[in-house]
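Chemist:
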């Protein structure tokens, strides 16, 4: 075979390859599962088999991501529902606490000034198991309002290091 014949044959093969879209072979293999994707230019150079394999991998990823997104969307909806229930419960507890404070404040047995004897002297209170400064402040020996607990804390700073931590048997004075 002559050189001209070889050149002609090579030209025909090159032309056929470019018509089919193969052109020069792609020198790297993109792994879509690792986030490595072909450029448009590289994709056009893939063989039909490589294109089909690559597209199948992209379709698998797409369905996986869609399922993952749906799962996250479901979790978000559940969280929103839980948040709304907790918010409603908090509002209900706040309203209940406010109503209780009003009822205690309106009670005739709650001293408005001073100790039980009405002299204006601080009342003494011995902490019982399960009590908090809020509960003491809301009680009959307190102010009838839980939100006034900081008054008790300030008056007893020498006895209370942490207002969230009081102990049964502790003697506290409740200023009026």
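Residue numbers (UniProt numbering): 1 to 176.
Even glycine gets a Cβ: it sits at the ideal position worked out from N, Cα and C.
#1: I'd like the ranges of any alpha helix (DSSP H) spanning at least 4 consecutive residues and lying wholly in the stretch 48–117.
#2: I think residue 129 touches residue 163, with their Cβ atoms under 8 Å apart; what is that distance to the nearest whole Å?
#3: Quick check on residue 138: buried or exposed, where buried means 16 or more other Cβ atoms within 10 Å of its Cβ?
#4: Give me, in chain order, the residues of the same chain whose beta-carbon lies closer than 8 Å to that of residue 43; leave out the 5 immediate sequence neighbours on both sides.
#5: I'd like to know whether the C-beta atoms of residue 152 and residue 165 end up nearer to each other than 8 Å.
#6: Using DSSP with H/G/I as helix, E/B as strand and the rest coil, what is residue 7?
#7: Compute the distance between the beta-carbons of residue 141 and residue 104, then report whether it is under 8 Å.
#8: Going by C-alpha to C-alpha distance, which of 59, 102, 70 sits closest to residue 144?
#9: When the Cα atoms are used, what is the spatial distance from residue 60 to residue 96?
#10: Give me, in chain order, the residues of the same chain whose beta-carbon lies closer than 7 Å to that of residue 156; leave out the 5 immediate sequence neighbours on both sides.
#11: According to DSSP, residue 174 sits in a beta bridge with which residue or residues?
#12: Ignore the nearest five residues each way along the sequence and tell me which others in residue 161's own chain have a CB closer than 8 Å to its CB.
#13: Count the other CB atoms within 10 Å of the CB of residue 116; is the residue buried (16 or more) or exposed (fewer)?
Modeler: This is what the structure gives:
#1: 48–106, all fully within the stretch 48–117.
#2: Contact annotation, residue 129 with residue 163: C-beta distance approximately 18 Å; criterion of less than 8 Å not satisfied.
#3: Buried, by the Cβ-count rule.
#4: Closer than 8 Å at Cβ, skipping near neighbours: 51, 54.
#5: The Cβ atoms of residue 152 and residue 165 lie no closer than 8 Å to each other.
#6: Residue placement at residue 7 cannot be trusted, given a pLDDT of 45 that sits under 50; what the coordinates show is reported in the next sentence. Residue 7 sits in a helix when the DSSP states are folded into three classes.
#7: No; because the gap between Cβ atoms is not below 8 Å, this pair is not in contact.
#8: Minimum Cα distance to residue 144 is reached at 102.
#9: C-alpha of residue 60 to C-alpha of residue 96: approximately 54 Å in a straight line.
#10: Same-chain partners within the cutoff: 172, 173.
#11: Residue 174 is bridged to 123.
#12: Answer for residue 161: no residue qualifies.
#13: Bear in mind that the predicted position of residue 116 carries a pLDDT of just 47, short of 50, making it unreliable; the figure below should be weighed with that in mind. Per the 10 Å Cβ criterion, exposed.
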